[in-house]
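The block underneath contains the structure these notes are about, expressed in structure tokens.
Residue numbers (my numbering): 79 to 318.
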């Protein structure tokens with residue numbers, strides 16, 4: 079289920095540029111009403127339920143030992159009730175992803191979801207691309223990544239990344255909501271400078287599950303180069 083397949087759009091236009099995602103394995107690109115053909119959205123929903131359902135299956139047991147001995151555990155057997163429960167979880171997860179994707183359309187963002195992360199359901203990530211004028215330098219990328227603010231006692235951790243196609247930044251920060259719950263966010267970004275445009279790519283993920291932070295940081299690093307940005311054909315005009 080890639081961004082160039084029939085299930086999801088070929089690209090999103092922004093200020094003379096087009097971007098899309100060629101997702102790595104175990105990532106889903108979630109379509110959105112208002113951006114994508116309704117028939118493609120419905121088809122994606124049907125197919126995604128099966129993909130998500132498979133990702134929720136219990137991990138198999140260890141490989142059989144070639145030495146004689148007791149038969150190893152082949153993994154937990156699911157009864158009918160457990161299978162029905164996973165069916166419902168998968169359907170609900172897909173519905174939630176779709177609702178989330180529809181909700182971020184006005185901001186120009188897309189939703190991707192990581193599958194099979196430590197036995198969890200799909201983990202949604204926001205992806206966005208912005209274009210600015212190089213004649214008017216700004217800190218829009220750092221602001222979008224959350225590099226300022228956060229809890230005074232635990233300021234954001236900012237790392238600069240050496241990327242083959244631009245300047246990269248990773249930001250990990252802690253925020254507390256009104257109920258006193260701690261939210262960790264991991265964001266990675268890429269800035270590519272052209273003679274007539276500065277193109278920023280931003281990936282953002284938030285959670286209250288601190289156990290997932292290290293893994294998701296690695297997965298976002300993996301996802302960032304999969305976001306492709308090209309000048310729209312009508313706007314190329316020999317400029318690269």
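Where is the CB? At the ideal position from N, CA and C, for every residue including glycine.
Because the structure is a prediction, the values reported are computed rather than measured.
Going by DSSP, what residue range makes up the beta strand (DSSP E) through residue i?
| i | result |
| --- | --- |
| residue 38 | There is no way to answer for residue 38, as the model of the chain reaches only from 79 to 318. |
| residue 291 | No beta strand (DSSP E) contains residue 291, which is instead part of the alpha helix (DSSP H) from 291-301. |
| residue 198 | Careful: residue 198 lies outside any beta strand (DSSP E) and carries neither H nor E. |
| residue 269 | 260-272 |
Where do the ends of the alpha helix (DSSP H) carrying residue i lie?
| i | result |
| --- | --- |
| residue 118 | 116-133 |
| residue 218 | 218-223 |
| residue 192 | Looking at the DSSP string, residue 192 is not in any alpha helix (DSSP H); the run it does join, the beta strand (DSSP E), is 188-192. |
Buried or exposed for residue i, going by 16 or more other Cβ atoms inside 10 Å?
| i | result |
| --- | --- |
| residue 133 | buried |
| residue 86 | With a pLDDT of only 43 at residue 86, under 50, the local geometry of the prediction cannot be trusted, and no value is derived from it. |
| residue 124 | exposed |
| residue 173 | exposed |
| residue 116 | exposed |
| residue 84 | With a pLDDT of only 30 at residue 84, under 50, the local geometry of the prediction cannot be trusted, and the value read off the model is given with reservation. Looking at its Cβ environment, which holds fewer than 16 other Cβ atoms inside 10 Å, residue 84 is exposed. |
| residue 305 | buried |
| residue 192 | buried |
| residue 201 | buried |
| residue 301 | buried |
| residue 279 | buried |
| residue 243 | exposed |
| residue 114 | buried |
| residue 281 | buried |
Consult DSSP for residue i and reduce its assignment to one of helix, strand or coil.
| i | result |
| --- | --- |
| residue 211 | coil |
| residue 167 | helix |
| residue 83 | Confidence in residue 83 is poor, its pLDDT being 34 and thus under 50, which makes the residue's placement unreliable; the coordinate value appears in the next sentence. In this structure, residue 83 counts as coil in the three-state DSSP scheme. |
| residue 251 | strand |
| residue 246 | strand |
| residue 157 | coil |
| residue 182 | coil |
Quick one: what's residue i bridged to in DSSP?
| i | result |
| --- | --- |
| residue 64 | In this structure the chain extends from 79 to 318, so residue 64 is not present and cannot be described. |
| residue 48 | Residue 48 is absent from the model: the chain starts at 79 and stops at 318. |
| residue 113 | Answer is none; residue 113 lacks a bridge partner. |
| residue 241 | 244 |
| residue 232 | 229 |
| residue 107 | 190 |
Relative to the alpha-carbon of residue i, which residue among the options has its alpha-carbon at the smallest distance?
| i | options | result |
| --- | --- | --- |
| residue 111 | 177, 161 and 293 | 177 |
| residue 190 | 307, 309, 311 and 297 | 297 |
| residue 209 | 100, 308, 103 and 106 | 308 |
| residue 231 | 242, 239 and 254 | 254 |
| residue 269 | 248, 258, 283 and 256 | 248 |
| residue 250 | 96, 90 and 237 | 237 |
| residue 130 | 90, 99 and 168 | 168 |
| residue 215 | 100, 277 and 135 | 277 |
| residue 286 | 271, 227 and 262 | 262 |
| residue 97 | 223, 186 and 161 | 186 |
| residue 240 | 105, 299 and 212 | 299 |
| residue 90 | 165, 199, 156 and 207 | 207 |
| residue 293 | 196, 100 and 257 | 196 |
| residue 212 | 135, 274 and 282 | 274 |
| residue 320 | 246, 204 and 94 | The structure shown has nothing for residue 320, since the chain only spans 79 to 318. |
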